[in-house]
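Here's the structure we're looking at; comments come further down.
Residue numbers (full-length UniProt numbering): 1 to 104.
Dropping the structure here:
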């Protein structure tokens with residue numbers, strides 16, 4: 001699946017965090033599709049709490065309701081507390097776009 005980021009995300013969010021969030025969405029898509037033979041919600045919301053040396057991530061989707069909480073190691077500070085990733089299936093190739101709520 002192709003992945004895109006906005007300029008804001010690309011400039012402010014460390015690459016390892018971007019990669020982790022994309023991986024979480026892709027894993028969710030695969031698992032949900034395998035279990036239910038359909039795709040989960042097109043919009044994934046990540047609430048972030050930046051802590052010293054780590055980030056607490058709350059991953060949610062609305063339809064069906066989904067919540068996952070995790071912590072990842074990270075030494076780079078950034079000032080974004082929420083990130084969206086949406087899936088676009090309208091073209092022949094599905095793709096994911098990562099953006100801030102203000103860019104949605």
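Don't be surprised by glycine CBs; every beta carbon is placed ideally from N, CA and C.
What is the rounded straight-line gap between the Cα of residue i and the Cα of residue j?
i          : j          : result
residue 56 : residue 90 : 32 Å
residue 38 : residue 45 : 19 Å
residue 49 : residue 36 : 31 Å
residue 20 : residue 4  : 14 Å
Is there a C-beta anywhere in chain D that falls below 8 Å from the one on residue i?
i          : result
residue 18 : The chain inventory of the structure shown lacks chain D, comprising one protein chain alone.
So, using beta-carbon positions, are residue i and residue j closer together than 8 Å?
i           : j          : result
residue 43  : residue 18 : no
residue 103 : residue 8  : yes
Starting from residue i, follow its DSSP beta bridges and name the residues at the other end.
i          : result
residue 51 : 54
residue 28 : Its beta-bridge partners do not exist; DSSP assigns none.
residue 70 : 57
In its own chain, which residues sit with a C-beta less than 6 Å from the C-beta of residue i, not counting the 5 before and 5 after it?
i          : result
residue 32 : 40
Self-check item: Validate contact between the segment 61 to 73 and the segment 92 to 99 using beta carbons, cut 8 Å, 3 pairs
Solution: no
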